[in-house]
Ligand SMILES: CC(C)(COP(=O)(O)OP(=O)(O)OC[C@H]1O[C@@H](n2cnc3c(N)ncnc32)[C@H](O)[C@@H]1OP(=O)(O)O)[C@@H](O)C(=O)NCCC(=O)NCCS
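Numbering (the UniProt record's numbering), first residue to last: 1 to 290.
The structure is reproduced here in C-alpha cells:
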C-alpha cells in the first residue's frame, strides 16, 4: 500500500464514503461526509462500505484498525472478513474498545459566555519550558488510553506539537496546569483533542475556558479576557471546530455541550441543516485465533 491512498465511493456527484491511510502505522480512516446528510441513508452507507472492501486487494495485513462512523466501519469490517474467508483466510472483526460522539461547534451554535469572570487566561505553548511542563500532563492523559506513553515519548510528541503551534495551555501563576491539542486541520475545520486539567485544578472552569477560547480563536472570533492572542489563525478562520468525546465521559460531554458543541444526535446544524453528531469507533480485524 502506498502512503495516503484514498478510495472513495460516489453516488452521482456526491461522495458517500472514503477510506484513507496516512502511514503504515496509522489506522485506516473512514469518512462519510454524507453521514450527516439525510438524503443518504444507512443502506447507502452499508452498500458503499461493502464496495470499498471489495475494491481492496485481499491482503489480511492491509487492514487492522479502521476509525470512522460506527455503521460504516461495522459494515466494512464484516464485508472485509467475509471476502477474506472466501480466499481461505480466517479473520474476525473485534468490538471497539470504546465509542465516541463526533461533534462540532460553529458560530451559530456557540453559547454565551458564563457571567463569572475567568482568572487564568489561555495561550499557545511556545518554548522549551512549556514542553517540559506539558510532557508529564501528556503522560497522565495517556494513562486512560489503550496506549500509555513513556515520559520520553510524551516529551517528543509535545515538542512536535508545540513546534507546530498545536498546543493550547491554561496557567495558574505562570505554571501550566491544563492543555488541549488541536489537530486534523482542513481548510474548513480543525479538531480539539486531549483536553486535560491537572487533578488539583479541576472544577474551576479551566476545561470550559480552554474549549471556549480555542473554539472562538479558530472560528475567527475575539474572546477578550480569555485568549492572549488578538489575531486569529494565520490560515484564516474555520467554519467548524470538531471534537470526539467518549460516550462514557459524561462530564466532558457536558462541558462541550455548554460551550455550544452539538452532542445530541437529533439536534441539527443551524447553518447547514445537517445532523450535528454521530458515533465514531475504531474497529479491528484480527486473525480468528487471537
Ligand atoms: C474532563 C476534564 C477535562 C474537566 O476539566 P475541569 O477543568 O474540571 O472542567 P470544568 O471545571 O470546566 O467543568 C467541570 C465541572 O466543574 C464545574 N465548575 C466550573 N467552575 C467551577 C467553580 N468555580 N466552582 C465549582 N464548580 C465549577 C462545572 O460547572 C462543571 O460541572 P458539571 O460536572 O456539573 O458539568 C478533567 O476532569 C480531566 O482532565 N479529565 C481527564 C481527561 C479527560 O477525560 N479529558 C476529556 C477528554 S474528551
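Even glycine gets a Cβ: it sits at the ideal position worked out from N, Cα and C.
Here the structure is a predicted model, which means the values were calculated and not measured.
1) Note down, in chain order, each residue of its chain lying with its Cβ closer than 7 angstroms to the Cβ of residue 12, except the 5 sequence neighbours on either side.
2) Give me every residue whose Cβ sits closer than 6 angstroms to any heavy atom of ligand 1, in chain order.
3) Since residue 328 and residue 105 should fall inside the 8 angstroms C-beta cutoff, what is the C-beta to C-beta distance between them, to a whole number of angstroms?
4) Touch check for the stretch 157-174 and the stretch 118-126: three-plus C-beta pairs under 8 angstroms?
5) Using CA atoms only, rank isn't needed, just tell me which of 199, 64, 233 is closest to residue 24.
6) Expressed to the nearest angstrom, what Euclidean distance is found between the alpha-carbon atoms of residue 136 and residue 237?
7) Taking its Cβ as the centre, do 16 or more other Cβ atoms sit within 10 Å of residue 18, making it buried, or is it exposed?
8) Counting only the same chain and skipping the five closest in sequence on each side, list residues whose C-beta sits under 8 angstroms from that of residue 100.
9) At the level of alpha carbons, what is the spacing between residue 211 and residue 254?
10) Where DSSP assigns a beta bridge to residue 137, which residues make up the other side?
11) Closest to residue 223 by CA distance: which of 196, 117, 181 is it?
12) Enumerate, from N- to C-terminal direction, the unbroken beta strand (DSSP E) stretches of 3 or more residues contained entirely within the stretch 244-280.
13) DSSP has residue 175 in a bridge; who is on the other side?
14) Pull up the distance between the alpha-carbon of residue 164 and that of residue 185, whole angstroms please.
15) List in chain order: all unbroken alpha helix (DSSP H) runs of 4+ residues lying wholly within the stretch 109-155.
16) Could you give the first and the last residue of the continuous beta strand (DSSP E) run that contains residue 20?
17) In whole angstroms, what separates the C-alpha of residue 264 from that of residue 258?
18) The alpha helix (DSSP H) with residue 77 in it runs from where to where?
19) When DSSP builds the beta bridges, which residues end up paired with residue 204?
20) Do three or more CB pairs link the stretch 195-205 to the stretch 219-233 at distances below 8 angstroms?
21) Hey, is residue 131 close to ligand 2, as in C-beta under 7 angstroms from one of its heavy atoms?
22) Within 10 Å of its beta-carbon, does residue 97 have 16 or more other beta-carbons around it, so buried, or fewer, so exposed?
On the basis of the data shown:
1) The residue given as residue 12 occupies position 12 in the chain shown. Around residue 12: no qualifying Cβ.
2) So the residues near ligand 1 by this Cβ test are 141, 195, 196, 197, 202, 203, 204, 205, 206, 207, 208, 245, 249, 251, 252, 254, 255.
3) Coverage of the chain is limited to positions 1 through 290, which leaves residue 328 absent and any answer about it impossible.
4) The stretch 157-174, when compared against the stretch 118-126, does touch it at the 8 angstroms Cβ threshold.
5) If you number the chain shown from 1, residue 24 lands on position 24. Out of 199, 64, 233, 64 has the C-alpha closest to the C-alpha of residue 24.
6) Numbered from 1 along the chain shown, position 136 holds the residue referred to as residue 136. Numbered from 1 along the chain shown, position 237 holds the residue referred to as residue 237. Going from the Cα of residue 136 to the Cα of residue 237 covers about 31 angstroms.
7) The residue labelled residue 18 in the question sits at position 18 within the chain shown. Counting every other CB atom within 10 Å of its CB across the protein chains shown gives residue 18 a total of 16 or more, marking it as buried.
8) For the purposes of this step, residue 100 is identified with residue 100 of the chain shown, where counting begins at 1. Closer than 8 angstroms at the Cβ level, and outside the excluded window around residue 100, lie 244, 245, 246, 247, 279, 280, 281.
9) For the purposes of this step, residue 211 is identified with residue 211 of the chain shown, where counting begins at 1. For the purposes of this step, residue 254 is identified with residue 254 of the chain shown, where counting begins at 1. Residue 254 has its alpha-carbon roughly 12 angstroms from the corresponding atom of residue 211.
10) Position 137 of the chain shown, counted from the first residue, corresponds to residue 137. Answer is none; residue 137 lacks a bridge partner.
11) The residue you call residue 223 lines up with position 223 of the chain shown. Residue 223 has its Cα closest to that of 117, out of 196, 117, 181.
12) The qualifying runs do not exist here; there are none.
13) As a first step, residue 175 is located in the chain shown; it is residue number 175 there, counting from the start. DSSP output for residue 175 lists 172 as bridge partner(s).
14) Position 164 of the chain shown, counted from the first residue, corresponds to residue 164. Position 185 of the chain shown, counted from the first residue, corresponds to residue 185. Using only the alpha carbons, I get a separation of about 12 angstroms.
15) Runs found: 128-142.
16) On the chain shown, residue 20 is found 20 positions in, with the first residue counted as 1. Secondary structure note for residue 20: its beta strand (DSSP E) is the uninterrupted segment 14-20.
17) As a working note, residue 264 is residue 264 in the chain shown. As a working note, residue 258 is residue 258 in the chain shown. Per the coordinates, the alpha-carbon of residue 264 lies some 12 angstroms from the alpha-carbon of residue 258.
18) As a first step, residue 77 is located in the chain shown; it is residue number 77 there, counting from the start. 70-86 is the span of the alpha helix (DSSP H), which, as asked, contains residue 77.
19) In the chain shown, residue 204 corresponds to position 204, counting from 1. Residue pairing of residue 204 in beta bridges, as defined by DSSP: absent, with no partner found.
20) No: fewer than three Cβ pairs fall under 8 angstroms.
21) Absent from the structure shown: ligand 2. Ligands present: ligand 1.
22) Taking the first residue of the chain shown as position 1, residue 97 is located at position 97. Exposed.
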